[in-house]
Every structure is written in structure tokens, then in C-alpha cells.
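Residue numbers (full-length UniProt numbering), protein chains in the order written: chain A, 1 to 356; chain B, 1 to 356; chain C, 1 to 356; chain D, 1 to 356.
4 protein chains.
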Amino acid sequence: MSVVEGLTAETKRTVAGRFAGLRLGSGRPMIIAGPCSVESEEQIVAAARAVKAAGATALRGGAFKPRTSPRSFQGLGEEGLRLLAVARAETGLPVVTEVMDTAQIDLVAEYADVLQVGSRNMQNFALLKQVGRAGKPVLLKRGLSATLEEWLAAAEYILESGNDQVILCERGIRTFETSTRNTLDLSTAILARTRSGLPVIVDPSHAAGRRDLIEPLSLAALAAGMDGLMIEVHPDPDRALSDAAQQLNFEQFSRLMARLELLPASALESIDACREEIDRLDERILDLLLRRMAAARRVGQLKRGAGLPVLQEDREHALINRLAGLAGDELAGEEVREIWQAILAVSRRAQQALHA
Amino acid sequence: MSVVEGLTAETKRTVAGRFAGLRLGSGRPMIIAGPCSVESEEQIVAAARAVKAAGATALRGGAFKPRTSPRSFQGLGEEGLRLLAVARAETGLPVVTEVMDTAQIDLVAEYADVLQVGSRNMQNFALLKQVGRAGKPVLLKRGLSATLEEWLAAAEYILESGNDQVILCERGIRTFETSTRNTLDLSTAILARTRSGLPVIVDPSHAAGRRDLIEPLSLAALAAGMDGLMIEVHPDPDRALSDAAQQLNFEQFSRLMARLELLPASALESIDACREEIDRLDERILDLLLRRMAAARRVGQLKRGAGLPVLQEDREHALINRLAGLAGDELAGEEVREIWQAILAVSRRAQQALHA
Amino acid sequence: MSVVEGLTAETKRTVAGRFAGLRLGSGRPMIIAGPCSVESEEQIVAAARAVKAAGATALRGGAFKPRTSPRSFQGLGEEGLRLLAVARAETGLPVVTEVMDTAQIDLVAEYADVLQVGSRNMQNFALLKQVGRAGKPVLLKRGLSATLEEWLAAAEYILESGNDQVILCERGIRTFETSTRNTLDLSTAILARTRSGLPVIVDPSHAAGRRDLIEPLSLAALAAGMDGLMIEVHPDPDRALSDAAQQLNFEQFSRLMARLELLPASALESIDACREEIDRLDERILDLLLRRMAAARRVGQLKRGAGLPVLQEDREHALINRLAGLAGDELAGEEVREIWQAILAVSRRAQQALHA
Amino acid sequence: MSVVEGLTAETKRTVAGRFAGLRLGSGRPMIIAGPCSVESEEQIVAAARAVKAAGATALRGGAFKPRTSPRSFQGLGEEGLRLLAVARAETGLPVVTEVMDTAQIDLVAEYADVLQVGSRNMQNFALLKQVGRAGKPVLLKRGLSATLEEWLAAAEYILESGNDQVILCERGIRTFETSTRNTLDLSTAILARTRSGLPVIVDPSHAAGRRDLIEPLSLAALAAGMDGLMIEVHPDPDRALSDAAQQLNFEQFSRLMARLELLPASALESIDACREEIDRLDERILDLLLRRMAAARRVGQLKRGAGLPVLQEDREHALINRLAGLAGDELAGEEVREIWQAILAVSRRAQQALHA
């Protein structure tokens, strides 16, 4: 049995344990955000602050850049790593950055919290055999035309070296379609997660190669159960030294996080913004209450059919206690109770009307 | 300017108008469900009833089947069309079925509510030129290796014939990956919708070719804003005459609709099932209330910073009135008011605590 | 066992019998040449004459054109068919043209010698079921993303209708590569031929979509054993109503045929052109004579090792008689004898030198 | 202007100069043959001797193997390199072997004559930047889904490091077709050669992944003008530790070389084999003579039209002298003269017959 298959049954709790510090397995998606390339201290620190404020859980930024042409910007190298460490010190965000060669592993591991193996190196087997030895989590991007089997086999090279902290990242595959840079393959990302038991995140920036698709693809990825996203964010995308067309600016990233319901309330900058958010939440709560009422009426019908009484105090008690137990910092158990008493009162009357 | 581009600016209301009877543009996704092939009256009527009960909005079923090999089941032909009409009479569901040749258009249009042009015929230009003339909506599936441009150009053939009731359907493209039958290309589906202004639905059954991916891909498609889904459902998939591996049975379809929050309360068959649903809804309502409290506290902070009072009765009134206006059959305006008074009371106390 | 597999063992003689009039199975490749679209009588007659003079064995030309966009030139329709018949009358070349819909079969069959089913209709099963019934050979192009299995299964639809005169045509598949219009897949063309026993030709014009690749790809296809080529040739490619970038003009086609060693001597228009051709042939004959001498010397070595005499008159007689039997219209048996006596004399001396 | 574009105009002579010892640019294709992996001294020496005898110009064999799974045979490493050097000492064949990591460059360069960068490392930019520094020719395989542009850009990384001895190798790309391991893309190989001015060879073993396609694809590649082939040959393919299905045994390789007209006469092992070869050559010489006669008759026609005499002694002299000058070791100038006098005599009589 392969190592990857052996991991399949592992629980989310184990994931959480393995990736301490990255919030993986916490039930909340991991959001890795930052510029394609580290360009200057000002740029990377500004980006780190902005993505942290908008709810990102890790910072990305390339110091060693794999570029198709030798004439393209190749990254700042070790200086870039140093600047990433500065940005981490400023924000507390763990740093994810790429390592391109066995000779760079020690250096990159000195600065980074997660070592990324890029798409073009997914089958750089010498690198796969050694990258895990630094003892840090490894983010393994899927190759541009790698099959599921090959991707999992590449992960096994790392796992076999004794490091089980592997995060998989789907970033689009190569197809005949030219309206997007690559084609996001959610299906294989889902299967990779089921098959391996490893966390799988999605990179819509590289998959689409165009800003306008990042929001819908991010929504799709999280809805499909992916463990997180990797998003390119730059203070001024049009002036970026690489991947200009696909990077978001700070405001766009903030809006994306709001749409994903991951923007912290602290990032709402005006009373109006708060009220918009509250109005949006109220509409969604109302939707759910409508569905709740329909289900409650259905209970009423079924009870009447079975000759059972409407009020079942035990059930109501248990229900409220359970919810009160789930309430966290933002809402005391007593407050939960107060709100649900109103909800249950309305619901009970609806059932009684049926029996009348 | 091409016809397709001209449609881009059209509003959802127009879509709704054009597709009267299909609930498109209603804000609720169109769910087309049913077996791959019509096999018998018993089979198609049972399937129609089951998918209707679970919330489907249209019935699919193939009478003329495009099969790779001449040795495979080719469909019941006109008899299949007649059986689809029987199923429609039983359930009221509009019928979607494929037309494969110009010579069949009149016959199929006699029985069907929506004429489907299959992937393999996406560039059967003779068919495209004539299929719209029946005056019924046309569902145009994307070809297995069609680019976005080609798909939209195929739609134009139909639009040019004077029929603007075109629904696009993404059903997976051909790539090197072999763990799925095809690769669902959500990115292009999203762009097709933006570019054309036409409704776009997704067929995860053909895209994945395997049952276990239908739920996550359906969640993803709707999260990405697609207008609906086409799902293969069969009373006994293992005995289906075509596409056995990818069809859902009735229970699986019902579970899918529950996960999509599209299952009507009437489909909950026991008090226990209702309670599970209520518990699930309560948890999600609680999540949203926690986010609502965080936003309310943030309002409190900002008000304090600006020296404004906590209580702003106007705002509370307006808020409650707006929600009461949105309440529908399931919840009277008065009941909405009752619940939100509880919510606002809790929220107000939290803000006051900040000011204390 | 499928029909296609059943044909695998058929001999070339059977192919020749089945496709009477098309020179298939004659050992000489079938060359179908002509414009993408029939545009006028002048254009198609000029093209027919030019390709005939350069050695083409059939004329192509589209009357019904499958065009991606409804705004592109759609072909002259029946008028185009009539013009093709005029060109045939002028040149004697059999005519190959596309049929796009079941409703056109009778009309096209009235004018054409070979009915073409285009890539986009490779899985138009209604068409496949009926196109063979006209009793004329059918040229079935591979779909842009059809697998070998699907292509052969499509051929079976035609074979099953009782018509065994099916010619397969590989015309490039869709891949991620953008420097060519499609990617010529010679490997699958070769396998299609072995698997089906049907003749397989190659269309480098559509595969490459660019003039500069037509010659090397044609050379490659014939070297790989393909049964023929389909080449787009237009009097004035830059003014063509379709596929301008990939059509050859008459002179380019003539040069191509020369490179393929298929240009008739009658097409050499000056003494200089003839001499160039003779010089080229002489160089190749010399190359082969050098190899022949090396093999003859090797015989000498082996004979010496085995103690056998150099001269074996029986062998020389038999050899010359066999070649004299193969000589055709261009060289009498006596002349063959005269030339080979010179060759054998030189060869014998070389062997004797070894024994000296 | 990029380095690659700058090379476009270079002549074959320059190629020959750059790749001294590899016979590139000699007008004769480079044939690199040998096992997928070096497995033992016995195996690699046997393979080297067999491929040398059959006309190969270089020996391949993997010491460091890029394998999809960590559980597959990973190669003998340095021991494999040592064995390759033994095989070179035995046969004089230059050795081509893969280097997978920057840390291995010096070691591999110590033993190998050509350093191979494999498909999976085509965008291992750290390796590309350093592999050229060893001063040995570099064979750069195209990535499994690399575009032409990316392949040439990868070559530029090597050229930019100051090493212009780069050989490109097309080895099949990834498509949806499953009947072959990959899809040989001759079109892009041809364009790569034209665009870069670098020699391009083809690897049909990896492209097809099946023995039966190696011969037709090799014929096609050379007919299309490629500079050479890389072929996997193993003493006992069924027992090979890697790539069993695609390796040829010695006899199959020998037959392949015969079909390519590259088998030396010294490899013909019996008088019968020599005679088969001679018969085959005679048939081809006869074919060419028939074409020569047709051209000569055409000269006769044109001369008659222009009122010129048949015999033009100057032309005949010049022709024979030119060919006598091209004759090499195998045929003396005098012998060439003797044979062509016979050919010209026959030809002259044919022309005279026209004038009679």
C-alpha cells in the first residue's frame, strides 16, 4: 500500500495537529495571499499588512522565481527571503515561498514557514526527495499537465522522506482553451483530497490568469470543500514585475474576503460598511428562518399524522442548550437563549395553527 | 457586433421573460434531472415523480441517443418522446430532450419543452440553423473540445435564426486527466455567462462521469453563480442502459438537493429528518448571528470614535420594516418583527457595553 | 467482434477493389487536392486543371461549408456542387466534397464521387447512419478531439449500413500548442490503419494551418505508410474566402508534388527543370549504388569465408530477369538488362578484388 | 532579439563544428540508442555493441532515473555512470545520459559526452542555468506539455550561460488520446528546428510508448528532416527494469536501421540477408530509373519543340564528371562512368525514338 493511500483515513484533527500554526484543520480555510514576487521591503510589508487585515492566514511572495524566459525578472533571491522575514515580523503571518533547487533548501528553510514546490518542479524528483528534510510543511503545486496519479506519487516522494506535512495545491492545467491562462480542475483537486487525506488548496490566480474569475472560482473552491486558497495580491498590480494581469489590489482582495465571508469585522472601515454587512447578513438569516419555518410546519404535519402533541419541551430545551454551547466569544449562552426563544415561539404557533 | 455580444447587457428580468415556464431568472437555480435514457413508462414516470418531489424544476430523458458505438442502445426514439409526455402530464415538469438531426426537429418539438443540442452536435451547423425555428428554448451543450469562442459562435447560429431562448450547458471538456470522464471547466462557463448574457447551467454528471463528484461540483457551480444544474437520476443506476456509473438513485438525488438547500420541506419524510434539517439550519443561523454581532460591535466602536449614540431608532425601524417586507408565505411580517426585536436587543446591549 | 476489427486482415487488393476509380490500393498514394471552398467556375476549373497536371488523383472543394461563425462564408451550396461537376468533366478527376446534414445526402451524392463527413460531424450519428446508403465512398475525418476508439466506432456506423468504402482522414487534433492550428497525430493515423484495414490519408493543411509545414508533414505521412494526402490548393490563397493561411498556390503545390516524387514528367516545363530533376535522381541512384556495392562486397566476404566462388551466374540471371519483369512503360526489359549488366560487372570485380 | 532567434540563420556547417564527435551536421542522422536504464555491466556493454554494430552513433542509458513513483527503480546512480564509461571504452560510442539536479552536474559530466535534461526538468530553471557550464553538449527534451515558445525559452537559459551546443529532442506531448503513451508532435519539432537553428531529434520510444509505432514514426521523423532519433534498445525488453513496452530488442533495432537505410553492410550476417538487401536496393534503383527515363523523354519532347539536337555531349560529360566526383570509398570514378554510360545510352535512344 502506498503512503498516500495510507493517509486516506486520517481525520481532520490529525491534519490540524500536523500543521500547527497554519490553522489547517480548524474548519476555517487557510488563505495564503501576497504578491507574485517580492519586489521591495515597502511592497512586501504593505502587502503583508493589507492581507492580514483582510483575514489572510499566511503570506506568499516569490524570492526565487521560475520564469519561462531568462530575460524575465528572476526574483530578488536571498534578499527577497530576508524581506519576507521582515514582513512576518511585522504581521505575525507565516511565510510561504518557493524553493527551486536542492542547493537552495537550507537557505529557504531558514526564512520560510512553508516551502513551496512549484508546478514546473512537481516532478523534480531530486528536489522532492530532499525538500521534506528541512522539517517544515511543504506546499506541492500540481504540474501543468500532471495526472492525479502523478501528483499523488510526487507527494509520496516527500512523505517517504519522513515529512507528513504536505499541502497540495491545484493551480490549473493546460488545455486547448485560450480564454483562460489555464483550466482550473476542481474535480481532480477534490479527488486528491479524498484519496490522500492531505489538505488541498486552490490557486485561482494562476488557474485563471485573469482577475475577473478569482472571486467566482474562490467561491466554487470553498463550496467544493477545499481547505484553502492561494491568492496573488499586490499594492499596484499594473506595475508588478510578474503576473500583472492576475493580481488583485488591496481593495479587491478585501472585497473578495467579504464575499467569502472571511473578512474580519475589524476590516469594516465605516458605519455604512458595517450596515451593509449587517443588512446582507440579515437577509441570509431571514432566508434560513424561512426554510426553518417550512421544516417546522412539516414537523407539525407529521406530528398530527402520528397523533403527537405540538409542544415537546424536552426537544426545545435540548436544542437551545446545544446552541448555547456552540456560542463563542461574540454571543453569550444567555443571549442565544433569548433569540431562540423568540424563534421557537413563532415556530410553535405555526404548528399549533396546523392542528387547529 | 455579434448577436452574442449584444446580449451581454441584458438583465436577469429579460432572461426570466424569455424562458417563461422554466423558472430561469427567478433567482432560484433551474434543476433539470432525470435518467440518461428513457427506458420504459414505469422508469420515466417514477423518475419524474421522484425528482419533482425533491425539488427539480425540469425533467430530462434521452429518446434519441448519441452513442459512440452503433452496438450501444440507441434510445427508444419516438416512443421515448411519447413516454416523456406521459411523465410531464403526471408531474407538470417541463421536458428537456435531445434532437440529433434536422429531420427530427418537428417530431421532438411536438413533445418537448426544451430542445437539447448535444456536445457532439455543437458544431452541426445545419442543425443549429434550424433547431431554433420550432420556437422552443434550446439547450446548447458545449462541445467536448470547443473553445469559448466556438461555443458562443454556435449559440449565435441559433440566435440568428430569430430564437433568443438559448440556454448554455457546460458538461466537461477533454483533457489528459483520466481519473474523471471529462474535466469540468467552470472558468469558461462563468465567462460564457458574462460574455453572452445567456443563462448557463452545469452538468456535473457528464463532466465527472462518477457519482462521488456530483455533490461537490454542484455546490461549486452554484457558488460560482451558474443558473442551474443538469443531473442524471435513475431508479436503479446499476441497471441503466447507458451512463450507469454517473447516475444518482432517488435517495442520492434527494440528499444532493438537501445539500444544495433546494429540497422542499415536503420531501422530509420523518420527524427525525425534519429535526436534523432544523438543527443544521440553526447552526448556520447561529454562525451568521455571530458574524452579525461582530459587525454590530464594530458599529459600536466606530460610533464611539465619532461620538454618536448607540441607539438609532430610525435605523432599527427601517431595518425591521425592510425584512418584514421580504418575508413571504412562511413567515408573517409580524413574526419577523418579533424575532428581530430579540436580535436587536442583544446587539444593542453589546454596543452599550462598549460605551460603558 | 466489431465490424472494424473484422476488416483488419483485409489485403490491399481488396482495398483496391472496393475503391475502384480512386487508385487506392495501387501502391501509389491518393492525392486529393483543391480549394477549401468552391468560389466560382473559373476558380474551381483552374484549380482542377492545375492539380491534375501536377499529379493529383482527386479534386476537393467545399460547397456546403461548416464555419465556426454564422457570419463567415457558408459556401455556394448546390451551385458549388454543379461547378465541381463542371471541373470533373474538364479534368476527369473524381470529386470529394462534404455533406453536412442527412437532408443533403441525395443532392451531394448526385454530384460527388466521394462524400466527405467533416471533423465537426464525426459524431453526427444520424448522418453516419445514412451517408453510406448513397453507395459512394465516404471520407470520414477524425474529430478534433476524437480518440482512436471513437473514430473507428464512427466508421462502424457507416460500415454497418452496408457500405464498406470508408476512407479515414487524420486532420490534426486539439492540444495546448498554439503555434500550429492543430497537432497532426500521425501515431493514431497509423494505428487506425492497422486496426481497421481501411485506407487512411492525412490532411496536413488543416492539421498545421500554415503553409510552411505542409511539405515536411506530407513527406512524413507518406514515409509512415499513409495511403494518401488531402491538400488545400487555391489559385490565389490570399484572396481565398476561407482558410487563406494554409492553402498552397499552384506553383507551391507543384513543388510539393516534386518533393513527394509524384510530379509527372509532363509537368516539367523547361529543359532546365528536367535536368534539375535528372540531376536529383542521379544523386539518389548513386547513393543507392554505393549501398549496393557495400552489400555486394559483404557478399564477397561471406562467400570467401564459406569458400564459395564469386560468380554465381544463376543468381545474376534470376536477378536481371526479375527486374526486367518489373520494368514498365518507361523502360523495356532489354534496357533494364543493359544497365544491370554494367552494374553487375562493377560489382563482380569488387568481389573478385576481395578474393585476390 | 533573443539568443534563439539569433541562431536561426546558422548553417549546417556551424552545427557540425559545434557538435564535433557527434556527427551532427554530417548529413547523416544522429542515432542515439540504448536501454532506458543502465542495469548491469553485461547489459550495457551488450547493448552498446549491438547498437554500434547496427549503425547507432551514440549510446543512451539512464543512471539517474526520473520515476513517477518513489517505489519504482531509481537507477544505479554513479555506478551506472561508471558502467556507461566502460561501454564507451568498448565501442567508442559517445555517451548520452540524464542529469536531474544541479548537485549532479559535475559527476555526470565526468562520465558523459552529452548531458540530457529530461522532459520533467525542462523548466527546472536552476538546472538549465548551470548544466551548460560543464562545456559539454546538452540534449534538452521537450516538456510533456511545453509549448514551442517555452521549449525555445528553456534552450535560451542554456545558450545564455555561454554553451551553444544544445540539441533539442521532441518526445511526445500529453493529449486526450490514450492509445499511445503520448502524442508525437512532429509539427512543433519542425518549427523548433527552423526557429532556433539548433539540431532537433525525435524520440519515438517515449512518444508512442509502444514498439509497433517506432518504425513508422522514425521513418516519418527523418522524412520530415529531423537531425536524428533516440531509440530505446534493451537485450531483453520484457525483463527491463523500466519502460518494458517500448524498448526494442537487438534484432528489432537492426531491422529498424535497415528500414531507415542506416544499417551498415557489415551488419548483414548471411549471404541471404545481403541478397535481400540487394534486391530491395535494385527495386528502388529501378523505380528511380523509370522516373529518370520519363524526365529524359520529356527533355526530348522539349528539345524537339525547340528544334534542338538530342545529343548534347557537353551535358553528358559534365553530368558523369559530377557524379564521378561524388563517388566515395565504395565506387571509383571510373566505375561510376561505366554504369552511367549504360544509363545514358538507353536514355539517348529513347529521345531519338521521339524524334524519329
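Glycine included, each C-beta is placed from N, C-alpha and C at the ideal position.
Report task. Report the residue from 163(D), 151(D), 182(D) whose alpha carbon sits nearest the alpha carbon of residue 129(D). Result -> Indexing the fourth sequence from 1 puts residue 129(D) at position 129. Looking at the Cα atoms, 163(D) is the closest of the given residues.
Requested in this report: Would you kindly check if the distance between the Cβ of residue 344(D) and the Cβ of residue 300(D) is under 7 Å?
Outcome: By one-based count along the fourth sequence, residue 300(D) stands at place 300. By one-based count along the fourth sequence, residue 344(D) stands at place 344. No, the pair does not count as a contact, with Cβ atoms beyond the cut-off.
Query - Positions along the region 163-181 of chain B whose CB lies within less than 8 Å of some CB in chain D - result: 174, 175, 176, 178
**Report entry** Simplified DSSP assignment, three categories, for residue 36(C)
**Finding:** On the third sequence, residue 36(C) is found 36 positions in, with the first residue counted as 1. Residue 36(C) falls in the coil class under three-state DSSP.
Query raised in the report: residue 144(B) touches chain C at which residues, Cβ-Cβ below 8 Å?
Result: Taking the first residue of the second sequence as 1, we reach residue 144(B) at position 144. In chain order: 145.
Report task. State the start and end residues of the unbroken beta strand (DSSP E) segment that holds residue 166(A). Result -> Working through the first sequence from its first residue, we reach residue 166(A) at position 166. Note, residue 166(A): beta strand (DSSP E), 166-170.
Query - Closer than 7 Å to chain C by CB, residue 302(D) - result: Working through the fourth sequence from its first residue, we reach residue 302(D) at position 302. At least one chain C Cβ lies under 7 Å of residue 302(D).
Query raised in the report: Helix, strand or coil for residue 52(B) per DSSP?
Result: Here residue 52(B) refers to the residue found at position 52 when the second sequence is read from its first residue. Note: residue 52(B) maps to helix in three-state DSSP.
Requested in this report: Could you spell out the range, first to last residue, of the beta strand (DSSP E) harbouring residue 335(A)?
Outcome: Translated into the one-based positions of the first sequence, residue 335(A) becomes position 335. That residue, residue 335(A), is in no beta strand (DSSP E); its alpha helix (DSSP H) goes 333-355.
Query raised in the report: By DSSP, does residue 79(D) sit in helix, in strand, or in coil?
Result: To locate residue 79(D), count along the fourth sequence from 1; it is residue 79. Note: residue 79(D) maps to helix in three-state DSSP.
Query raised in the report: According to DSSP, what are the bridge partners of residue 116(C)?
Result: For the purposes of this step, residue 116(C) is taken as residue 116 along the third sequence, with counting starting at 1. Beta-bridge pairing links residue 116(C) to 98(C), 139(C).
Query raised in the report: Where does residue 330(A) sit, in a helix, a strand or coil, going by DSSP?
Result: Here residue 330(A) refers to the residue found at position 330 when the first sequence is read from its first residue. Note: residue 330(A) maps to coil in three-state DSSP.
Query - Cut-off 8 Å between Cβ atoms - residues of its own chain near residue 351(C), not counting five sequence neighbours on either side - result: Within the third sequence, numbered from 1, the residue matching residue 351(C) stands at position 351. Excluding residues within five positions, the ones whose Cβ falls inside 8 Å are 296, 297, 299, 300, 303, 310.
Query raised in the report: For residue 269(A), does the three-state DSSP call read helix, strand or coil?
Result: Residue numbering aside, residue 269(A) sits at position 269 when the first sequence is read from its first letter. If DSSP states are grouped into helix, strand and coil, residue 269(A) belongs with coil.
Query raised in the report: Of all the residues that make up the region 180-213 of chain D, which are near chain A by a beta-carbon distance shorter than 7 Å?
Result: none
**Report entry** First and last residue of the uninterrupted alpha helix (DSSP H) at residue 131(D)
**Finding:** What you label residue 131(D) is simply residue 131 of the fourth sequence in a count that begins at 1. Start and end: 125-131.
Requested in this report: Starting from the N-terminal side, write out each stretch of the beta strand (DSSP E) that is 3 residues or longer and does not extend beyond the region 210-277 of chain A.
Outcome: 228-232
Query raised in the report: From 284(A), 197(A), 154(A), pick the residue whose C-alpha is nearest to that of residue 18(A); which is it?
Result: Taking the first residue of the first sequence as 1, we reach residue 18(A) at position 18. Closest by alpha carbon: 197(A).
Query raised in the report: So, is residue 91(A) buried or exposed, given that buried needs 16 or more other C-beta atoms within 10 angstroms?
Result: Taking the first residue of the first sequence as 1, we reach residue 91(A) at position 91. That one is buried.
**Report entry** Three-pair Cβ contact test at 8 Å for the region 49-65 of chain B versus the region 73-82 of chain B
**Finding:** yes
Query - Residue-chain proximity (residue 9(B), chain C), Cβ-Cβ < 7 Å - result: By 1-based counting over the second sequence, the position of residue 9(B) is 9. Note that residue 9(B) scores a pLDDT of 40, beneath 50, so its modelled location is shaky; the value from the coordinates is reported in the next line. Taking Cβ atoms only, chain C never reaches closer than 7 Å to residue 9(B), which makes this a no.
Query raised in the report: Which same chain residues, not among the five before or five after residue 46(A), have their C-beta less than 7 Å away from its C-beta?
Result: The residue you call residue 46(A) lines up with position 46 of the first sequence. Contacts found: 235.
Query raised in the report: Would you report the Cα separation of residue 155(B) and residue 149(B), rounded to the nearest angstrom?
Result: Walking along the second sequence from the start, residue 155(B) turns up at place 155. Walking along the second sequence from the start, residue 149(B) turns up at place 149. Approximately 10 Å between the Cα atoms of the pair.
Query raised in the report: Of all Cβ atoms in chain D, is any one closer than 7 Å to the Cβ of residue 293(C)?
Result: As a first step, residue 293(C) must be located in the third sequence, where it is residue number 293. It does; some Cβ of chain D falls within 7 Å.
Requested in this report: Would you kindly report the start and end of the unbroken alpha helix (DSSP H) that includes residue 201(C)?
Outcome: Mapped onto the third sequence, residue 201(C) falls at position 201. It is not in any alpha helix (DSSP H) - residue 201(C) instead sits in the beta strand (DSSP E) that spans 200-202.
Query raised in the report: To the nearest angstrom, how far is it from the Cα of residue 287(B) to the Cα of residue 261(B)?
Result: Against the second sequence, residue 287(B) aligns to sequence position 287. Against the second sequence, residue 261(B) aligns to sequence position 261. If you take the alpha carbons of residue 287(B) and residue 261(B), they lie about 17 Å apart.
Query raised in the report: How would you write the range of the beta strand (DSSP E) that residue 59(C) sits in, first residue to last?
Result: Residue numbering aside, residue 59(C) sits at position 59 when the third sequence is read from its first letter. Counting along the chain, the beta strand (DSSP E) containing residue 59(C) begins and ends at 58-60.
Query raised in the report: Secondary structure at residue 11(B), three-state DSSP: helix, strand or coil?
Result: In the second sequence, the residue the question calls residue 11(B) occupies position 11. With a pLDDT of only 43 at residue 11(B), under 50, the local geometry of the prediction cannot be trusted, and no value is derived from it.
Report task. Name, please, each residue of chain D whose Cβ falls closer than 7 Å to the Cβ of residue 66(A). Result -> As a first step, residue 66(A) must be located in the first sequence, where it is residue number 66. Within chain D, the residues near residue 66(A) are 123, 125.
Report task. Kindly indicate which three-state DSSP category residue 30(C) falls into: helix, strand or coil? Result -> For the purposes of this step, residue 30(C) is identified with residue 30 of the third sequence, where counting begins at 1. Strand, per DSSP.
Query raised in the report: In chain D, which residues lie less than 9 Å from residue 37(A) when you measure between Cβ atoms?
Result: If you number the first sequence from 1, residue 37(A) lands on position 37. Chain D residues near residue 37(A): none, gap ~14 Å exceeds 9 Å.
**Report entry** Selected residue, minimal CA-CA separation from residue 181(C), among 122(C), 145(C), 208(C), 250(C)
**Finding:** Residue 181(C) sits at position 181 when you count from the first residue of the third sequence. The option with the nearest alpha carbon to residue 181(C) is 208(C).
**Report entry** N-terminal and C-terminal residue of the alpha helix (DSSP H) that residue 189(C) is part of
**Finding:** By one-based count along the third sequence, residue 189(C) stands at place 189. That run of the alpha helix (DSSP H) goes 186-196.
Query - Inter-residue spacing [alpha-carbon to alpha-carbon] between residue 3(B) and residue 160(B) - result: As a first step, residue 3(B) must be located in the second sequence, where it is residue number 3. As a first step, residue 160(B) must be located in the second sequence, where it is residue number 160. At residue 3(B) the pLDDT is 41, less than 50, meaning the model places this residue with poor confidence and gives no usable figure here.
Query raised in the report: Looking at residue 205(C) and residue 252(C), is the spacing between their C-beta atoms short of 7 Å?
Result: Here residue 252(C) refers to the residue found at position 252 of the third sequence. Here residue 205(C) refers to the residue found at position 205 of the third sequence. Not closer than 7 Å, so no.
Requested in this report: Go through its chain and collect everything with a Cβ distance to residue 220(B)'s Cβ below 7 Å, but skip five positions before and after it.
Outcome: Looking up residue 220(B) in the second sequence gives position 220. Here the set comprises 186.
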